[in-house]
Structures are given as C-alpha cells and as structure tokens.
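Q:
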Amino acid sequence: STVVLVFEAPGGENVEGKIEGKGGFRWECRRGGKVKVGERLGVV
Amino acid sequence: LRQALSKTRIEWYPIPVGLGIGFLAFSQFRKAARRPIDEEDHIVAVEESQSPGQKPKRIRPDGPWQVQVLSTMPLKAFSRAWGWFNSRPLPVFLRTPGFKLYSYIFGVNLDEIGNPDLTSYRNLSEFFYRELRPGIRPIDPHPNSLVSPADGTILHFGEVRPGGQVEQVKGMTYPLDALIGSKTIGQEFPTPPASSGTSSPGTNTPPELSQPGILTPDEEFAIVNGIHYTLPSLLHGTSSDSEPPLPPPLSESDLGAPTPNTVSVANDLIEGTTWHTLHPSASTKLFFCVIYLAPGDYHRYHSPVNWVVQLRRHFSGELFSVSPFLQRHLPNLFTLNERVALLGKWKHGLFTMTPVGATNVGSIIVNFDKELRTNHARGELARPGALKEASYASASEVLGGWPARKGEEIGGFKLG
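These protein sequence lines map, in sequence, to chains A and B. Its first residue numbered 2, the first sequence is counted upward by one per residue in the working numbering. Its first residue numbered 4, the second sequence is counted upward by one per residue in the working numbering.
1. Taking alanine 153/B as the query, report the chain A residues whose CB atoms sit under 7 angstroms from its CB, ordered along the chain.
2. Considering only their Cβ atoms, is the gap separating valine 70/B from histidine 332/B smaller than 8 angstroms?
3. Indicate whether glycine 138/B and glycine 39/A have their beta-carbon atoms separated by less than 8 angstroms.
4. With 8 angstroms set as the bound, which would you pick, yes or no: does the beta-carbon of isoleucine 116/B sit closer than that to a beta-carbon of chain A?
5. So the alpha helix (DSSP H) phenylalanine 26/A belongs to, where does it begin and stop?
6. At least one CB of chain A closer than 8 angstroms to the CB of proline 210/B: is that the case?
7. Using a C-beta cutoff of 8 angstroms, does asparagine 147/B count as contacting chain A?
8. Taking 8 angstroms as the threshold (beta carbon to beta carbon), is lysine 103/B in contact with chain A?
9. For the alpha helix (DSSP H) holding glutamate 129/B, just list the boundary residues, first then last.
10. Looking only at its own chain, which residues have a Cβ that is under 6 angstroms from the Cβ of cysteine 292/B, when we skip the five neighbours before and after it?
11. Do you know offhand how far proline 250/B's Cα is from valine 44/A's?
12. According to DSSP, simplified to helix, strand and coil, what is serine 421/B?
13. Quick one: which chain B residues come within Cβ less than 9 angstroms of arginine 41/A?
14. For proline 119/B, report the span of its alpha helix (DSSP H) as first-last.
15. Which ranges does the alpha helix (DSSP H) cover as unbroken runs of at least 4 residues, wholly within the segment 305-370 of chain B, from first to last along the chain?
16. Provide the residue(s) that pair with serine 394/B in DSSP beta bridges, ordered along the chain.
17. Mapping DSSP to helix, strand and coil, what is lysine 417/B?
18. Can you say whether leucine 4/B is buried or exposed, counting buried as having 16 or more other CB atoms within 10 angstroms of its CB?
19. Please classify threonine 241/B: is it buried, with 16 or more other beta-carbons within 10 angstroms of its beta-carbon, or exposed?
20. Quick check on the burial criterion: 16 or more other C-beta atoms within 10 angstroms. Buried or exposed for glutamine 6/B?
21. Is DSSP giving valine 70/B helix, strand or coil here?
22. Roughly how many angstroms separate the alpha carbons of glycine 299/B and isoleucine 13/B, rounded to a whole number?
23. Need the endpoints of the alpha helix (DSSP H) that glycine 86/B sits in, please.
24. Could you tell me whether any Cβ in chain A is nearer than 8 angstroms to the Cβ of threonine 287/B?
25. For leucine 418/B, which residues in chain A fall below 9 angstroms Cβ to Cβ?
26. Based on Cα-Cα distance, which residue from Arg91/B, Leu346/B, Ala389/B and Val311/B lies nearest to serine 319/B?
27. Give the straight-line distance between the Cα atoms of arginine 33/B and aspartate 143/B, rounded to the nearest whole angstrom.
28. Under three-state DSSP, which class holds isoleucine 142/B?
29. Are threonine 377/B and glycine 360/B close, meaning C-beta to C-beta below 8 angstroms?
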C-alpha cells in the first residue's frame, strides 16, 4: 500500500536539499529511507 | 428428456486452477474489450460527475509485457478472494506459529504490537490490521514539523512543478489532478499561488496577510478587524489584558451548536481575509511525498499535521501492486489504482493525503467515514475510473470539516 501527501507550504527547498530563504519548508528525510509514524519528514 | 435428466449419474471432477484463472482472465479481457475506446485507442476513464461535453480523461496502462499481462488480470477479483481467504478463522493451535512465521518472513516487530497474545487474532486479516502499543510511535514535538503518516519507505518526495506535474526523481511524472481529481469537481480549491506571491483573488490585503488558513488550537494567532487575538480567547472568551473584551464565553458543549458570531468569526478566519501566517514573508509552493508500506509494516496511517479534512474523493481504479518494481515499470501507477484522496486545509493552505490500495490490500479504511466502501464488486463504483466525492463539511460547522490532529490515527489498509 502507499500513502501520498500533497500539500502547500511556504517557499521551501528543491529536492537536492538546498535550503531556500528563511521560513520556507525544508525536507528532513531521505529517499529510500525507512520512516515510522510520527517521525519528522520536514519542517516549515 | 425427463428420464435422461433424472437417470443420468452426475460425477464431479476437479478442474486445474490454471483453467479457472484462464477463464477469469478471459472474462476480464472481454470486459476490457467492451470498454469505451477513444479515437486514439486509449482506454477511457469515465468520471461520475463528468459534465456532458467535458473531454473524458485518458488513463492508459502501458509498460513492458509483464505489465500488459498484469493489466488484463482480474486483480479486484483476486484481491477479494485474498481477503476472503485471509478472513477465515485459523485453528487456535496454528495461530502463534503461523503469525510468528509471517512476522519472520515480513519483518514484523512483535515487541511493538498492542495485543501480544497471538492466539487472540482469529485470522491473518486481524493480525494484519493489528494496533501498536500506546506511545511506541512518539510524535515529533516541533510545532511546525510535518511527520510521517505511516511506517514505510520513502519512495519519492519533492516539489510539484507549476502546471500541476508531480515529478519523481526517477522521471516518473503524472498530472496532479489525475491523482487527486481536478479542482472543478464539485468544489473550488485554492490553486497554488504563483511563487511571486500575488495575493489571492478577491482580497485587497497585502499578500502575506491573505494566505488561506486554518483554526488550530493553542499557539496560533489571528487578527480580526485589525485586533490581535489568541485562539483560546477567541473560542473560549478568555482574553489577556491586551485584548478587548469578547462576546460571551462559549462552553465546550456550545461548540456543538455555535452561535452566529462564532461561525462568522471562524468563517472569516478560514476564508483567510484576516489570517496572518507566522512567516509573513513566505510565499507558498506545492510539495509531495510518497511512502510505501511493505507487507510487514504497521498498516494504519495517521495525520501528519493538524489539518481539517473537508472532502473525500474515492477513485475506484484497479489494484496493481504498488511495489517499487511496478512503480518503475508502470507509469501513472497511482492514477490507475483504487485510492481515496482526502483533501482539506492546514495553516499554510491546501493539504491532501491519499492512501492508495494494492491487490493484497484493496480495502482502505477512513475511521471517521462510515460510508466509505472500497474494493467493491458491484454498484456504481465497479466501473474503472469512476469517482465518488463526499464532503465532511457537516463534521464541524465551525471548521468546515473533520479536524485531524497531528499523530492521530486516520484509518488503515485491510487485506483484500
């Protein structure tokens, strides 16, 4: 099974992990990485 | 004729399973052959609320020969048979060794499950839908974090390009509205504002103040008619000395039947005309993340943030496996599969969560939606590509939808 999230968030970074500007959404996960419920995927 | 019928001895013979599967494949193939085909030989998906004259959506399963064979297989029938088979009660003496073997093969951590007594799970379906021990999944405490809704593997994540394309790192791209339905289906939705941060239509306040927003408890701030309020004060009538007196306080039971001024205030806030985000300088973008749940993973999904679920769009679709292998070989996989798109708002705008089914887990559960039935054999949703939309606006008049709190269980996937 799969869960797909699509959401709107301020600014943010591109996929390669560069951080754009202050206050934008920033990913904190890795492709192929294992995650558990409640673990942080990203932060605004 | 009567004598022949009454006197002829009836003998039963087992037929080879392959013959049975061949027959099902043939009947599925014939059904597919009868589907409406548009002028370019594409299978046409028909949407429930398709307005006359609207160009039908083209969904076309293509890929290597394995995928072609798979797309003619009666996957839904297999899924229902698999669900039926796994809901047969197992003998008690077989349960513990059986579930231990399953856990060993698929990597289930038996120390985490809520009910450690394996004999209490009557069948594999119940074991598959097991709960976890309370507190075993701590929720990230950061107020502005987005957390994982499920146990699993992160397949893709990134930014939705302008024009609504969800791009994968491995180049698999599909249009957003093919995944969660288009904006025009029954409900207007905010389109992602252009990165230049132009203000949302119809308001003349500066952009950083016109972001659509959401009521969330405790730490959010709101401005009503230019006066700053904390949220508890707004709903419960308590105000710090810096805030002017508010209308009479509401009791918890009152929230069930809000007074007109509460509704008008809440609507004001939700419509975003006076909403103030904590980062006024930010313009918003659209992001996506895809998480794959393997057979041994905990199969319930939780809310990644505080948000209000306003709409549910159930796409019947097929039940292809969503394993990484098929992901690589079947473009548009997610737009073909049975899925339930939950759409709503969080404090930064649009928020959607879409659980996608697969052949072994075709039944998608949403705890607060008792009407939802997926993996249906008959009825209006048996037609591939059909879509059914339901609104949760009545769940909470003040918020206009079902309030989902960060970390709260939303639903899950059941076998078959």
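Note that CB positions come from ideal geometry on N, CA and C, so glycine has one too. Quantities reported herein were computed from a predicted structural model and do not represent experimental measurements.
A: Put simply:
1. Within the second sequence, residue 153/B is the residue found at index 150, counting from 1. Within chain A, the residues near alanine 153/B are Val4 and Val38.
2. Looking up residue 332/B in the second sequence gives position 329. Looking up residue 70/B in the second sequence gives position 67. Between histidine 332/B and valine 70/B, the gap from beta carbon to beta carbon is short of 8 angstroms.
3. To locate residue 138/B, count along the second sequence from 1; it is residue 135. To locate residue 39/A, count along the first sequence from 1; it is residue 38. Taking 8 angstroms as the Cβ cut-off, glycine 138/B and glycine 39/A do not qualify as a contacting pair.
4. Taking the first residue of the second sequence as position 1, residue 116/B is located at position 113. With a threshold of 8 angstroms between beta carbons, isoleucine 116/B makes no contact with chain A.
5. For the purposes of this step, residue 26/A is taken as residue 25 along the first sequence, with counting starting at 1. For phenylalanine 26/A, there is no enclosing alpha helix (DSSP H), since its DSSP letter is neither H nor E.
6. By one-based count along the second sequence, residue 210/B stands at place 207. Bear in mind that the predicted position of proline 210/B carries a pLDDT of just 32, short of 50, making it too unreliable to give a figure here.
7. To locate residue 147/B, count along the second sequence from 1; it is residue 144. Taking Cβ atoms only, chain A reaches closer than 8 angstroms to asparagine 147/B, which makes this a yes.
8. Against the second sequence, residue 103/B aligns to sequence position 100. Among the CB atoms of chain A, none fall inside 8 angstroms of the CB of lysine 103/B.
9. Walking along the second sequence from the start, residue 129/B turns up at place 126. Looking at the DSSP string, the run of the alpha helix (DSSP H) that includes glutamate 129/B is 127-131.
10. Here residue 292/B refers to the residue found at position 289 of the second sequence. Once the five neighbours on either side are set aside, the close Cβ partners of cysteine 292/B are Phe160.
11. Along the second sequence, one-based indexing puts residue 250/B at 247. Along the first sequence, one-based indexing puts residue 44/A at 43. Low confidence applies to proline 250/B: its pLDDT is 40, below 50, so where it sits in the model is not reliable, and the reading given next is rough at best. The straight-line gap from Cα to Cα measures roughly 36 angstroms.
12. Nothing can be reported for residue 421/B, as the shown portion of chain B is limited to 4 through 419.
13. On the first sequence, position 40 is the one that residue 41/A refers to. Listed by position along chain B, the residues whose Cβ is nearer than 9 angstroms to that of arginine 41/A are Asp143, His145, Ser148, Leu149, Val150 and Ser151.
14. Locating residue 119/B in the second sequence gives position 116, counting from the first residue. Counting along the chain, proline 119/B falls outside any alpha helix (DSSP H), and DSSP gives it neither H nor E.
15. With a minimum length of 4 residues, the continuous alpha helix (DSSP H) runs that stay inside the segment 305-370 of chain B are 327-332 and 336-339.
16. In the second sequence, counting from the first residue as 1, residue 394/B sits at position 391. In DSSP, serine 394/B forms a bridge with Leu314/B.
17. The sequence position of residue 417/B within the second sequence is 414, counting from 1. The answer is strand: DSSP assigns lysine 417/B an E or B state.
18. As a position in the second sequence, residue 4/B is number 1, starting the count at 1. Its Cβ having fewer than 16 others within 10 Å, leucine 4/B is exposed.
19. Taking the first residue of the second sequence as position 1, residue 241/B is located at position 238. Because the pLDDT at threonine 241/B is just 41, under 50, the model does not fix this residue reliably, and the value given afterwards should be weighed accordingly. Per the 10 Å Cβ criterion, exposed.
20. Your numbering for residue 6/B matches position 3 in the second sequence. Exposed, because fewer than 16 other Cβ atoms sit within 10 Å of the Cβ of glutamine 6/B.
21. Position 67 of the second sequence, counted from the first residue, corresponds to residue 70/B. For valine 70/B, the three-state secondary structure derived from DSSP is helix.
22. Mapped onto the second sequence, residue 299/B falls at position 296. Mapped onto the second sequence, residue 13/B falls at position 10. Whole-angstrom Cα-Cα distance: 46 angstroms.
23. The residue labelled residue 86/B in the question sits at position 83 within the second sequence. It spans 78-89 - the alpha helix (DSSP H) in which glycine 86/B sits, taken as one unbroken run.
24. Indexing the second sequence from 1 puts residue 287/B at position 284. Yes, because at least one Cβ of chain A sits closer than 8 angstroms to the Cβ of threonine 287/B.
25. Stepping through the second sequence from its first residue, residue 418/B is reached at position 415. Here the premise fails: no neighbours, minimum Cβ distance about 10 angstroms.
26. Indexing the second sequence from 1 puts residue 319/B at position 316. For serine 319/B, the nearest C-alpha among the options comes from Ala389/B.
27. Residue mapping note: residue 33/B aligns to position 30 of the second sequence, counting from 1. Residue mapping note: residue 143/B aligns to position 140 of the second sequence, counting from 1. So the two alpha carbons sit approximately 51 angstroms from each other.
28. One-based indexing of the second sequence puts residue 142/B at position 139. Secondary structure at isoleucine 142/B: coil, using DSSP grouped into helix, strand and coil.
29. For this step, residue 377/B is matched to residue 374 along the second sequence. For this step, residue 360/B is matched to residue 357 along the second sequence. Closer than 8 angstroms, so yes.
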